[in-house]
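Okay, so here's the structure we're looking at.
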Amino acid sequence: MKIAVSVLNSKNRIEDVLRLNDSRIDYLHIDLMDGSFVSNKQFSIYEIDKLSDVSRKKIDLHMMVENPIEYIEKINLRNIEYITFHYEVKQDINKIIEEIKALGYKVGMAIKPDTLIEEVIPYLDKIDLLLIMSVEPGYGGQEFIVNTYNKLKELTKLRVKGNYTFEIEVDGGINDTNYKNLEELKVDIVVMGTYLTNSDNIEEKLKQLK
Ligand code: DX5
Ligand code: ZN
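Just so you know, we're using our numbering here: the sequence shown kicks off at 39 and counts up by one.
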């Protein structure tokens, strides 16, 4: 299972990104919030630019914004791997998918805890990644919603049955305990924030996950 680290709740984001450069993690997860799709407002384009400059890890950009296309056009980072937008935005989903593809990034689509898998079936053959939120988007440090396991069981069955190639990512409230359950459920990428960035020794915490 790959690990993407969210520096949303870091005490010093740049310092943590530099530390993570030498660790075994796979992606730097950046949570972009516009104060409208979610009440929190985080990471200016300028800050994303700065973090991307110092990161040697590829970026997994999670956009919690009402108008993803507006932001996508402002961002021009060579080391982005995934651009993930939310299915719940009141926008033309196919247009967003095409825009991300045209720019050469992998397409991620995120769903909030109350959004059902059935709703997103029409898009599953068009995306590279489905991000399952295991907390309400907006803030780090929340508790993992246990119903996520049921959703994941349904999703992995569907993935096999439909021969889909998208990866599954889970985001929110992940710690050493639920990490193991998610690995068993065939999740491809986990996002870890507070559990790691609250520690003085991220490297040691990562070792404990094995
Ligand atoms: C929440 C964000 C998450 C969050 C993860 O809206 O999408 O990426 O920062 O942090 P933890 O692991 O603290 O829940
Ligand atoms: Zn996130």
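Ideal placement from N, C-alpha and C gives every residue a C-beta, glycine not left out. Treat the numbers as computed from the prediction; the structure is a model and nothing was measured.
CB contact flag (residue i, residue j, <7 Å)
i: glycine 200; j: valine 76; result: no
i: glycine 231; j: glutamine 180; result: no
i: asparagine 47; j: glycine 142; result: no
i: valine 229; j: histidine 124; result: no
i: aspartate 166; j: lysine 133; result: no
Nearest-angstrom Cα separation, counted from residue j out to residue i
i: leucine 58; j: isoleucine 206; result: 22 Å
i: glutamate 221; j: threonine 122; result: 21 Å
i: isoleucine 30; j: isoleucine 41; result: In the structure as shown, the chain begins at 39 and stops at 248. Residue 30 is therefore absent and cannot be evaluated.
i: lysine 189; j: valine 127; result: 21 Å
i: tyrosine 279; j: aspartate 72; result: Any answer about residue 279 is impossible in this case: the structure gives the chain only from 39 up to 248.
i: valine 173; j: leucine 234; result: 17 Å
i: tyrosine 202; j: threonine 194; result: 10 Å
i: isoleucine 240; j: isoleucine 159; result: 37 Å
i: serine 74; j: aspartate 209; result: 20 Å
i: glutamate 130; j: glutamate 137; result: It should be pointed out that residue 130 corresponds to aspartate in this sequence rather than to glutamate. Between aspartate 130 and glutamate 137, the C-alpha separation is close to 11 Å.
i: leucine 154; j: methionine 147; result: 13 Å
i: phenylalanine 204; j: isoleucine 52; result: 31 Å
i: proline 106; j: arginine 62; result: 30 Å
Option in the options with minimal Cα separation from residue i
i: tyrosine 120; options: Met39, Val127, Tyr65; result: Tyr65
i: aspartate 163; options: Val173, Asp130, Ile135; result: Ile135
i: asparagine 216; options: Lys248, Asn78, Val198, Ile240; result: Lys248
i: isoleucine 97; options: Leu70, Gln80, Asn78, Glu111; result: Leu70
i: glutamine 80; options: Ser44, Glu111, Val55; result: Ser44
i: lysine 245; options: Asp214, Asn219, Arg116; result: Asp214
i: leucine 196; options: Leu169, Asn219, Glu156, Ile170; result: Glu156
i: glutamate 192; options: Tyr84, Leu223, Met39; result: Leu223
Exercise for the section: Run through the stretch 102–164 for me and flag every whole alpha helix (DSSP H) of 4 or more residues, listed as ranges in chain order. Expected result: DSSP runs (the alpha helix (DSSP H)) wholly in the stretch 102–164: 106–112, 131–140, 155–158.
Practice task
Tell me the start and end of each unbroken alpha helix (DSSP H) in the stretch 66–90 that is at least 4 residues and wholly inside, in chain order.
Solution key: The stretch 66–90 contains no whole alpha helix (DSSP H) run of 4 or more residues.
Exercise for the section: Identify every run of the alpha helix (DSSP H) within the stretch 201–241, keeping only runs that are complete inside it and at least 4 residues long; order them along the chain. Expected result: 214–222, 232–235, all fully within the stretch 201–241.
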